[in-house]
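Residue numbers (our numbering): 32 to 208.
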Amino acid sequence: MNTSILSLIFKPNVTPNIASQSALAIFRLVVGLMMIHNGLDKLGNIESFAEAYVSYIGLPFPIFFSYVAAFTELIGAPLVAIGLFTRPAALGLFSTMLVAMYHHILVAGLSVAYLELSAIYAACFLFILVNGAGLFSIDALILNLFDNEALDHKAKQVMSLEKSYQASKSQKAQKVS
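Below is the structure:
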């Protein structure tokens, strides 16, 4: 398998700092989990969503595109949350938020009240798309398995530091016992 394609999909923009990587993991988890209900809401009444949103903006095949949006959110959001295929999932979610923003602009113009949530989600998914999942993700584990040189030296040091920290914790626990 071509390692440059793997690197493109899985390699995070690495800041070898446990605090920033932990914050990125929490950010991914929260944003991903919060997005899941949007997909569930769409599936709850797909015909109504198709008529009120997809047909309104003029897309053809409104039922089909409603299912695409719902399943992008139901599949992509958990993938972002756990950090697996994060960039492709974030791209899909970013795209659905752009369509939602377009709908809100058609309905209410540049009203912040209508645009607020979809714009915030769009910005979050754009950030994740650009930066990747971070070191504390399944993407980073996969990349590390397939391409030992893909993660830069400092990122590997952080991962090594975490392993040594865990080892020292377990040694201290054994001494206490």
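Even for Gly, the Cβ is constructed at its ideal location relative to N, Cα and C.
Please report the straight-line C-alpha distance between residue i and residue j, rounded to a whole angstrom.
| i | j | result |
| --- | --- | --- |
| L55 | L115 | 14 angstroms |
| A198 | A164 | 25 angstroms |
| F102 | F167 | 25 angstroms |
| P119 | P43 | 13 angstroms |
| V143 | P93 | 26 angstroms |
| L71 | I40 | 27 angstroms |
| T127 | A100 | 6 angstroms |
| Q52 | K200 | 20 angstroms |
Report the CB separation of residue i from residue j in whole angstroms; it is logged as a contact under 8 angstroms.
| i | j | result |
| --- | --- | --- |
| V62 | V111 | 7 angstroms |
| F125 | F156 | 4 angstroms |
| F177 | L37 | 5 angstroms |
| I67 | Y98 | That pair is no contact at about 16 angstroms. |
Starting from residue i, follow the alpha helix (DSSP H) in both directions and report where the run begins and ends.
| i | result |
| --- | --- |
| N69 | I49 to G75 |
| S149 | V143 to N162 |
Take the Cβ of residue i as the centre, count every other Cβ of all protein chains shown within 10 Å, and call the residue buried at 16 or more, exposed below.
| i | result |
| --- | --- |
| E104 | buried |
| D170 | buried |
| S79 | exposed |
| K206 | exposed |
| K203 | exposed |
| N48 | exposed |
Do residue j and residue i count as a contact pair if the criterion is CB distance below 7 angstroms?
| i | j | result |
| --- | --- | --- |
| H135 | I88 | no |
| G107 | G123 | yes |
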